[in-house]
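Chains as they are written, first to last, in our numbering: chain V, 1 to 350; chain H, 351 to 964.
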């Protein structure tokens, strides 16, 4: 971090206009890392120069943020991204105008410094999602002791809550007796599968994603996938936003492509509702909204979706102009999803 | 049977009797308008009288409720007063004193309106009117109680007595009448407010029926320039007028009559007209027949004459509009006060007229409402019939969208934070009715209104683009003078090092000479601070011309070092209210190095703030 500051300082001293170069964080600049199977940033760079007001403001805000982080590290404290946003109120002309702006800036700093926001002692506001299944972990508690937890026997109906730090200094993966991980978009479906004992009958670890999954959820999926050799299946609604959830888990998110190698599970498979399912199962549907259509069209331009499967599914969805929720499967009864749909999908793919 | 009516059908009707039966013709057509009309007629007369004698008007208006729907209205002025013997005729006789063949721009209806008001009061309340008047040259004032004998069209004088009135001169009139007191857009209060706008040299006080008093203070101690009576131009004459004139004239032959009673008619052109008309040049005007008059009219139309002069016009004046709008609309804190524009003298049917426009913009004025249009004809506010008026229609015809206003389909009254004042004046304005509530939408008048408004609004665009440019320069200035030093400071704080010198970086980023204006307040004095900052790498020299709304300032800047500033402070005490900012022009330096000023046109013949008509 200081290196970065030194660069700015030195260029001012040399009488040169300070500049920051950083990877362009757009979908135009993500490339497939064929070795790791994840999408990462390409070579395109953006130049932020103090020559322009925008660039200079960004630089000043970054310096304020760095100063804040260094002070926080010095005092061994940590804060949430939200807290940092409010702390910036005191920076007057250089305060953040929205939470988004500070989040983006922190991500930019990750890109520049090749560190993680956890290294900056910044954590997200919300905790990760929850897990139910026969997997045993150890989590360090506030007394600094590792506590062993079985995610089926030692938890309530809501499951084990994933903390924001899931690295091995905080969370150890001990053992499991399962064949796969099924990650679910909605709480309703998570509860349905728990109630129907899908975890026990099909030897599955169930993960509730809570919509777009937090970093820690994705990181833990990755660790369970790599360290325990468990295949990951993603079960979502059938709409463009759910496709993005899958893409961020399997291929890496565009905003965080600098850490795709650390978050993405390239082998994760999609078992969510597709346009073909809507037709095959004759599911109850909703009409696509204008935003849905725009999102689907954007996905057709997105290199991560540039596969035969996704192309045909997205195009079909646009053609039938319909989307469906996971719970639409209840049309055929509460057990249909666990007795028919998922077994068919999982067999089909395995 | 035609041609032979029975005698009693032609019973003579006096003018008073006629108006009593047809009140609406003079505007007394509803209970709420009646009180307004009485105040308006009295105030118009007061202002006319003061203007004629160059007196700074001091007018007090009060409306008291006598009972139920009966009100007592008193209007008191410090005008020249009226000679005792003419009072009964001035107030008690309709059409008295209107020497109709003399053209002059005045507010009042020349003896019509105030008598009609008295007549209205008398017939609705049964009360006569009370008049007190004193001239400077008289020792005492005279007190009158007077009604109108409708049959004979004469004053019915009940009381006339000398009294002591402790003032130099003035007139007070009290009329009791039936009516309804209202507030709002078409009220006495609104009328007086708009009167105050165009008469900033008047002090106007108003006490409403609840006893609440509002005073519009005087903001300039300068009497208005009185209008000058002029003779009519023959192009504007009507047949009937020509015939009456031939009876009134003291000239003994028709050629002399044309040459003396009209403007722009010489003996030569009079002879030419008479010859063209085939009328005997030596004939006595009193013998003029209708046929001969028609021939003369036709001949006038075929004869080339000098156009009418604007002598008879009495504009409000740019200064008065400015001060008046400032005083009355200042509370809206507009961001822009337009310099009022007076159009040239134009002619409509041989009658001269002219248009004045003033404008305020922005501030607290609502931007989601239609612009407020304030209409005046011969310095009199027009509150009624806006839709039929030439002013409203002309404004609706303009496509305001190009001028930065909202307007549905480019038609109708635009929306925006603006008050537009339009004054049309001339000795013979065409109105849509006798009550003079709206100017008739005659093409020539509409065109001129549009023309002058466009000139006025062009200033606003200039102001807006100047504000825009200032903002951009301000941003760049802020970048190099605040943000870049902040970056240097923060970086050194984090690294615990000395703050590096930013001069080179700033110079590299800017590489220009900034010229900018800041408005600062020093001990309550508003100051325009002009700064010239050299952000280039070399010493610079230039000539700078600063144009303020009130004048120009030339300065030579020699050998200004890099990153050094040249400051010039100008007190703005002469500017009250809105100040639209200075303009900067330069010579003697490569234009690519200057931001915030324009290169002076080569001829140096700078018009500056002068608004030039296209």
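For each residue, glycine too, the CB sits at the ideal point set by N, CA and C.
Apart from the five residues just before and just after residue 761 of chain H, which ones in its own chain have a Cβ nearer than 7 Å to its Cβ? These residues qualify, in order along the chain: 746.
Chain-ordered neighbours of residue 842 of chain H on chain V, where CB pairs are closer than 7 Å: By Cβ distance, chain V contributes 9.
Mind listing the chain V neighbours of residue 850 of chain H? Cutoff is C-beta to C-beta under 7 Å, in chain order. One finds 9, 12, 13 in chain V with Cβ atoms closer than 7 Å to the Cβ of residue 850 of chain H, taken in chain order.
Could you name the residues that DSSP lists as bridge partners for residue 400 of chain H? Residue 400 of chain H pairs with nothing; no bridge assigned.
Short of 7 Å Cβ to Cβ, which residues in the region 47-65 of chain V face chain H? Listed in chain order, the positions of the region 47-65 of chain V with a beta carbon within less than 7 Å of a beta carbon of chain H are 50, 51, 53, 56, 57, 59, 60, 63, 64.
Count the other C-beta atoms from every protein chain shown that fall within 10 angstroms of the C-beta of residue 430 of chain H, then say buried if there are 16 or more, exposed otherwise. Result: buried.
Taking the beta carbon of residue 447 of chain H as the centre, do at least 16 other beta carbons fall within 10 Å, making it buried, or is it exposed? With a pLDDT of only 43 at residue 447 of chain H, under the threshold of 50, the placement of this residue in the model should not be trusted; the figure read from the coordinates follows. Classification for residue 447 of chain H: exposed.
Suppose you measure from the CA of residue 833 of chain H to the CA of residue 881 of chain H; what does that come to, to the nearest Å? Taking the straight line from one Cα to the other gives about 19 Å.
Sequence-distant residues of its chain with Cβ nearer than 7 Å to residue 844 of chain H (five each side left out): The beta carbon of residue 844 of chain H lies closer than 7 Å to none in the same chain, with the five residues before and after it left out.
Nearest-angstrom Cα distance between residue 524 of chain H and residue 474 of chain H? Residue 524 of chain H and residue 474 of chain H have their alpha carbons spaced roughly 14 Å apart.
Cβ contact check for the region 692-699 of chain H and the region 503-510 of chain H: 3 or more pairs under 8 Å: No contact exists between the region 692-699 of chain H and the region 503-510 of chain H.
Residue 352 of chain V versus chain H: which residues are under 9 Å apart at the beta carbon? Any property of residue 352 of chain V remains undetermined from this structure, which presents chain V solely from 1 to 350.
Cβ shell of residue 85 of chain V (< 6 Å), same chain only, five flanking positions each side left out: 96, 99, 102.
Just the Cα atoms here: how many angstroms apart are residue 515 of chain H and residue 472 of chain H? Roughly 26 Å between the two C-alpha positions.
Answer with yes or no whether the minimum CB distance from residue 847 of chain H to chain V is below 8 Å. Among the CB atoms of chain V, one or more fall inside 8 Å of the CB of residue 847 of chain H.
Where do the N-terminal and C-terminal ends of the alpha helix (DSSP H) with residue 438 of chain H fall, by residue? DSSP places residue 438 of chain H inside the alpha helix (DSSP H), whose first and last residues are 437-442.
Does the Cβ of residue 128 of chain V lie closer than 7 Å to at least one heavy atom of the ligand FMN? With respect to the ligand FMN, the structure shown offers nothing to examine, as it has no ligands at all.
Name, please, each residue of chain V whose Cβ falls closer than 7 Å to the Cβ of residue 836 of chain H. Neighbours of residue 836 of chain H on chain V, chain order: 60.
For residue 418 of chain V, which residues in chain H fall below 8 Å Cβ to Cβ? Outside the displayed span of chain V (1 to 350) sits residue 418 of chain V, for which this structure offers no information.
Our contact map puts residue 408 of chain H next to residue 427 of chain H with C-beta atoms below 8 Å; I'd like the distance itself, whole angstroms only. Contact between residue 408 of chain H and residue 427 of chain H is confirmed by a C-beta separation of about 7 Å, below the 8 Å threshold.
In whole angstroms, what is the alpha-carbon distance linking residue 40 of chain V and residue 225 of chain V? Whole-angstrom Cα-Cα distance: 20 Å.
I need the DSSP call for residue 65 of chain V, collapsed to helix, strand or coil. Helix, per DSSP.
Classification of residue 725 of chain H by the beta-carbon crowding that lies within 10 angstroms, buried from 16 upward: Burial call: buried.
Residue 17 of chain V CB to nearest chain H CB: under 8 Å? In terms of beta-carbon proximity, residue 17 of chain V lines the interface with chain H, with at least one pair separated by less than 8 Å.
Taking only beta carbons into account, state which residues of the region 847-881 of chain H come closer than 7 Å to chain V, listed in chain order. Of all residues in the region 847-881 of chain H, 847, 850, 852, 854, 855, 858, 859 have a Cβ within less than 7 Å of some Cβ in chain V.
Please list, in chain order, the chain V residues whose beta carbon lies closer than 9 Å to that of residue 833 of chain H. In chain order: 50, 53, 56, 57, 59, 60, 93, 94.
Pull up the distance between the alpha-carbon of residue 347 of chain V and that of residue 169 of chain V, whole angstroms please. Residue 347 of chain V and residue 169 of chain V have their alpha carbons spaced roughly 37 Å apart.
Should the region 300-309 of chain V be regarded as contacting the region 209-226 of chain V, the criterion being three or more beta carbon pairs within less than 8 Å? When Cβ pairs closer than 8 Å are counted between the two stretches, the region 300-309 of chain V is seen not to touch the region 209-226 of chain V, the count staying below three.
Do residue 609 of chain H and residue 617 of chain H come within 8 Å of each other at the CB atom, strictly closer than that value? Contact flag set, yes.
My assumption, with CB atoms under 8 Å, is that residue 934 of chain H sits in contact with residue 890 of chain H. Please give the rounded CB distance. With a beta-carbon spacing of about 15 Å, residue 934 of chain H and residue 890 of chain H fall beyond the 8 Å limit used to define contacts.
Taking the continuous beta strand (DSSP E) assigned at residue 516 of chain H, which residues delimit it? Segment: none, residue 516 of chain H is in no beta strand (DSSP E) and carries neither H nor E.
Determine, using beta carbons only, whether residue 825 of chain H comes closer than 8 Å to chain V. Closer than 8 Å: yes.
Just to confirm before moving on: does the CB-CB distance between residue 803 of chain H and residue 723 of chain H stay below 8 Å? Not in contact: residue 803 of chain H and residue 723 of chain H (Cβ atoms no closer than 8 Å).
Report the start-end ranges of each beta strand (DSSP E) in the region 880-955 of chain H that is 3 residues or longer and not cut off at the edges. Within the region 880-955 of chain H, the beta strand (DSSP E) runs of at least 3 residues that lie entirely inside it are, in chain order, 890-898, 901-910, 915-921, 933-937.
Less than 8 Å between CB atoms is the rule here; does residue 77 of chain V satisfy it with respect to chain H? No, its Cβ sits nowhere closer than 8 Å to a Cβ of chain H.
Does residue 105 of chain V get closer than 8 Å to chain H when you measure Cβ to Cβ? Any Cβ of chain H closer than 8 Å to the Cβ of residue 105 of chain V would place that residue at the interface, and such an atom is absent.
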